[in-house]
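Taking it in order: structure first as structure tokens, then the write-up.
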Amino acid sequence: MRVTLVALTIGTLLAMACGSPSESQPVPQGLTAQSEPSQETSAEVKIGNEIGNRLPDFELTLTSNGERLTSTSLVESGRPAFLFFFATT
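If you read the sequence shown in my numbering, its first letter stands for residue 7, the second for the next number, and so on.
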């Protein structure tokens, strides 16, 4: 009985800690996000397959719904994208 009560208490505390909103920290002056990259920044980024390089241009059609996906749409979304290419022989 006592072990169950301790486990229930710990579980409740963990659930409350994970669900509580954290206090937002102010963003330092130099670290604010830009809505659009400047021409200088976008011109300096190399296209390639190394970390930090820009994604090469491509376009593909998704087989599930026929929607077209482009590398430009991935870059403009502003979210990280992970591309995984898999082939079998």
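Heads up, the beta-carbon is just placed ideally off N, CA and C, and yes, glycines get one too.
query: So what's Glu56 in DSSP terms, helix, strand or just coil?
result: Your numbering for residue 56 matches position 50 in the sequence shown. It is coil, neither helix nor strand.
message: Let's see if you can read the secondary structure: which residues bound the alpha helix (DSSP H) around Thr78?
response: Along the sequence shown, one-based indexing puts residue 78 at 72. Segment 77–82, the alpha helix (DSSP H) holding Thr78.
- request: For Ala87, collect the residues of the same chain with a Cβ closer than 7 angstroms to its Cβ; drop the 5 residues on either side in sequence, then sort them by chain order.
  value: Sequence index remark: in the sequence shown, residue 87 carries index 81 (1-based). Closer than 7 angstroms at the Cβ level, and outside the excluded window around Ala87, lie Leu80.
query: How is Thr95 classed by DSSP in three states: helix, strand or coil?
result: Start at 1 with the first residue of the sequence shown, and residue 95 comes out as number 89. Three-state DSSP puts Thr95 in coil, outside helix and strand.
query: Cα separation between Ser77 and Ser83?
result: Within the sequence shown, residue 77 is the residue found at index 71, counting from 1. Within the sequence shown, residue 83 is the residue found at index 77, counting from 1. Cα-Cα distance, rounded: 10 angstroms.
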